[in-house]
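Peer 1:
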Amino acid sequence: MSRLKNTLRQLAAYPSAIVGLVIVLALVLISIYTIVTIPYTEAIRLWRGGEDVWYNYPKTASPAWTNLFREGDLPETITVSTQDEAVEKTREVVSEEMTDVTFSFPFEYRYEGFPEELSVFFKAQYAAKAPHISMTWLTPDGREIRVGSISMAGSSMSHRISQDTTLRRRLGGALPEIGLFADPNSDPDKPVALQGTYSLEVTAIMFEEDADLDAELVVYGQVHGLAGTDHHRRDLMIALLWGTPIALAFGLLAAVGTTITTLVISGVGTWFGGWVDGFIQRVTEVNMVLPFLPILIMVGTFYSKSLWLMLGVTVLLSIFTGSIKTYRAMFIQVRASPYIEAAQAYGASSGRLIFSYLVPRIIPMIIPALVVTIPTFVFLEAALAVLGLGDPILPTWGKVINDAYSTGALHQAQYYWVLEPSILLMITGLAFSLLGFSLDRIFNPRLRGL
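In terms of the numbering used here, the sequence shown opens at residue 505 and continues consecutively.
(1) Alpha carbon to alpha carbon, how far is L893 from V876?
(2) Identify, in the order they occur along the chain, each residue of the same chain with its Cβ nearer than 7 Å to the Cβ of H735, setting aside the five sequence neighbours on each side.
(3) Relative to the alpha-carbon of A889, which residue among G902, P879, L898 has its alpha-carbon at the smallest distance?
(4) From what residue to what residue does the alpha helix (DSSP H) around R549 run?
(5) Sort G576, S638, P925 by Cα distance to A697 and report the nearest one.
(6) Closer than 7 Å by C-beta to G729: which residues in its own chain qualify, once you throw out the five before and the five after it? Chain order, please.
(7) Secondary structure at R664, three-state DSSP: helix, strand or coil?
(8) Restricting to Cα atoms, I'd like to know which of P896, G646, V904 is closest to E924.
(9) Write down the C-beta distance between Y702 and Y613 rounded to the nearest angstrom, noting that I regard them as a contact closer than 8 Å.
(10) Grab the span of the alpha helix (DSSP H) containing V723 for me, first residue to last.
(11) For A590, is the classification buried or exposed, using 16 other Cβ atoms within 10 angstroms of its Cβ as the cut-off for buried?
(12) Rounded to the nearest angstrom, what separates E600 and D716 at their Cα positions?
(13) Check for me: the beta strand (DSSP E) holding Q629 runs from which residue to which?
(14) DSSP three-state label for A634, please.
(15) Return the first residue and the last residue of the beta strand (DSSP E) that I709 is part of.
(16) Per DSSP, S653 is paired with what?
(17) So what does DSSP say about F573, is it helix, strand or coil?
(18) Check I582 in the structure and name its three-state DSSP category.
(19) Is G700 closer than 9 Å to P644 when the C-beta atoms are compared?
(20) Starting from V598, follow the alpha helix (DSSP H) in both directions and report where the run begins and ends.
(21) Hey, L857 and W775 are a contact pair by Cβ (cut 8 Å); roughly how many whole angstroms apart?
(22) Closest to K829 by CA distance: which of D781, L578, D691, E720 is it?
(23) Checking contacts by CB at 9 Å: is M639 closer than that to chain C?
(24) Report the partner residues of A697 according to the DSSP bridge assignment.
(25) When the Cα of L671 is compared with those of M710, L622, Y630, which residue comes out closest?
(26) What is the rounded straight-line gap between the Cα of R549 and the Cα of G652?
(27) Express the C-alpha separation of V557 and T818 in angstroms, rounding to a whole number.
(28) Are I665 and I637 close, meaning C-beta to C-beta below 9 Å?
(29) Short of 8 Å in beta carbon distance, which residues of its chain neighbour A657, apart from the five on each side in sequence? Order them along the chain.
(30) Pull up the CB-CB distance for L515 and F609, whole angstroms please, since I reckon it's below 8 Å.
(31) Where do the N-terminal and C-terminal ends of the alpha helix (DSSP H) with V768 fall, by residue?
(32) Near Y807, what residues of its chain come up, given a Cβ to Cβ distance below 8 Å and the 5 sequence neighbours on each side ignored?
(33) Which residue from D668, P619, M792, F625 puts its Cα closest to that of Q726?
(34) What runs of the alpha helix (DSSP H), each 4 residues or longer, lie entirely inside the region 790 to 863?
(35) Taking DSSP's pairing of strands, which residues face T733 in a bridge?
(36) For D588, does the three-state DSSP call read helix, strand or coil?
Rendered as structure tokens:
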């Protein structure tokens with residue numbers, strides 16, 4: 505504990521170390537928050553979900569905070585449901601076999617731009633006879649526009665108003681998401697949205713006494729949430745949050761597993777010498793000429809893309825590297841120390857000498873290298889995902905970049921999709937680098953005082 509306090513006291517003298525440590529702690533806290541609030545199974549369900557999960561989210565919407573840098577705010581998503589208290593649903597008995605169910609969806613629209621899409625989602629309860637539904641659009645200036653009529657084909661149904669070609673002809677060729685909101689006094693070539701209170705009036709004719717109908721209107725915006733959405737309507741915040749513990753776990757486990765295993769193997773070879781040391785050196789030399797990344801690509805292509813398999817292969821390929829020779833040089837110097845001879849004199853075993861005398865002596869000197877190595881493996885995991893070799897189930901930063909690249913996000917000016925995970929990767933690398941270089945100054949005698 506005294507040595508730890510002394511190390512922290514020395515770290516406090518380096519502003520870069522404080523910055524790096526604060527960022528690392530923030531990443532750890534984000535990881536804990538993510539795991540607690542969004543359990544693993546729930547994260548997988550959300551990320552692998554389709555329209556049934558993300559139906560009320562817009563496609564490729566920029567983050568909502570980007571409105572701070574615009575003169576006119578882009579519209580955000582507006583959702584109105586029959587479950588809302590502001591929506592009143594009335595039932596009127598027409599005859600013994602017919603009942604009218606009426607409700608309206610009022611909402612305020614305060615944007616100059618137009619929404620991305622318009623959709624209504626219905627859920628009906630009936631036994632045999634499906635209800636017939638009519639919809640009317642009311643504008644702030646009092647105009648009434650007939651949206652259309654549909655008959656339910658099942659207990660649930662969606663009506664994509666934006667894709668209604670009949671309504672488009674009725675609006676003079678304008679897209680429904682523009683024609684329903686356009687100010688009639690504005691230039692048809694450069695329409696402007698009419699701000700105010702809009703309403704969608706829904707009237708359903710029910711042919712059964714106990715039949716009922718619920719609905720939800722979704723006016724999809726052009727911006728959404730803190731991180732925006734992708735082409736599958738998924739909230740990118742899920743991947744950005746869950747990418748943090750995955751990246752830290754992969755980097756930490758790979759760095760610790762590689763460093764500790766390499767250290768032990770090097771210590772065993774140095775102590776026993778002879779054919780043991782020779783075998784370890786020859787294996788190291790062969791492994792050093794093997795192409796690291798192509799082997800990982802082959803494993804991901806021909807065998808499995810599992811994150812944990814990639815972690816195991818990464819650790820295995822990273823054990824017999826140049827670090828073996830570096831640690832061997834350190835162990836040779838430590839082995840010649842007088843206290844090693846003293847330990848041998850009172851009969852210490854080889855295992856005790858290696859794990860209690862040799863390895864602990866150089867652990868302080870490898871801690872900085874271990875910390876700096878963590879972002880190397882974080883970037884490696886992201887690089888594999890960008891190449892399409894990431895775990896197909898897990899939401900990670902690299903997977904987000906891969907999805908953005910494969911859908912042409914940069915060509916469509918959807919820069920947020922690439923920048924958000926890229927910035928998180930750079931911040932993670934910067935944090936561990938600042939902390940590692942400061943630790944190197946503390947533990948390396950040659951750098952003290954610089």
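No residue lacks a Cβ here, since even glycine has one placed at the ideal position from N, Cα and C.
Peer 2: Reading from the atomic positions:
(1) Taking the straight line from one Cα to the other gives about 24 Å.
(2) So the list reads K563, T564, T911, once near-sequence residues are dropped.
(3) Taking only the C-alpha atoms, the option nearest A889 is G902.
(4) Unbroken alpha helix (DSSP H) run through R549: 544 to 552.
(5) Measuring C-alpha to C-alpha distances from A697 to each of G576, S638, P925 identifies G576 as the nearest.
(6) The answer, listed in chain order, is P567, A568, D739, M741.
(7) In the structure shown, R664 adopts extended strand secondary structure according to DSSP, grouped into three states.
(8) Considering only alpha carbons, the answer is V904.
(9) Cβ atoms of Y702 and Y613 come within 8 Å of each other, at about 6 Å.
(10) Taken as a continuous stretch (DSSP letters only), V723 belongs to no alpha helix (DSSP H), being part of the beta strand (DSSP E) at 716 to 724.
(11) Exposed, by the Cβ-count rule.
(12) Going from the Cα of E600 to the Cα of D716 covers about 15 Å.
(13) Secondary structure note for Q629: its beta strand (DSSP E) is the uninterrupted segment 621 to 629.
(14) Under the three-state reduction of DSSP output, A634 falls in the coil class, being neither helix nor strand.
(15) Element bounds for I709: 700 to 710.
(16) S653 is bridged to S638.
(17) Here F573 carries a helix assignment [DSSP, helix/strand/coil].
(18) I582 falls in the strand class under three-state DSSP.
(19) With a cutoff of 9 Å on beta-carbon distance, P644 and G700 are scored as near each other.
(20) Counting along the chain, V598 falls outside any alpha helix (DSSP H), and DSSP gives it neither H nor E.
(21) At roughly 7 Å, the Cβ-Cβ gap stays under 8 Å, so L857 and W775 are in contact.
(22) In this structure, D781 is the residue among D781, L578, D691, E720 with its C-alpha nearest to the C-alpha of K829.
(23) The displayed structure is made up of one protein chain only, and chain C is not part of it.
(24) Paired residue(s): A686.
(25) Answer by Cα proximity: L622.
(26) Near 35 Å, if we compare the C-alpha coordinates of G652 and R549.
(27) Roughly 35 Å separates the two Cα atoms.
(28) Going by C-beta atoms, I665 is not nearer than 9 Å to I637.
(29) Counting only Cβ-Cβ distances below 8 Å, and skipping sequence neighbours, we find A634.
(30) Rounded, the Cβ-Cβ distance is 58 Å, inconsistent with contact.
(31) 740 to 776 is the span of the alpha helix (DSSP H), which, as asked, contains V768.
(32) The answer, listed in chain order, is L813.
(33) Out of D668, P619, M792, F625, P619 has the C-alpha closest to the C-alpha of Q726.
(34) The DSSP assignment places complete alpha helix (DSSP H) segments of no fewer than 4 residues inside the region 790 to 863 at 796 to 806, 811 to 823, 826 to 839, 842 to 849, in order along the chain.
(35) Its beta-bridge partners are D739.
(36) In the three-state reduction of the DSSP assignment, D588 falls in the coil class, being assigned neither a helical nor a strand state.
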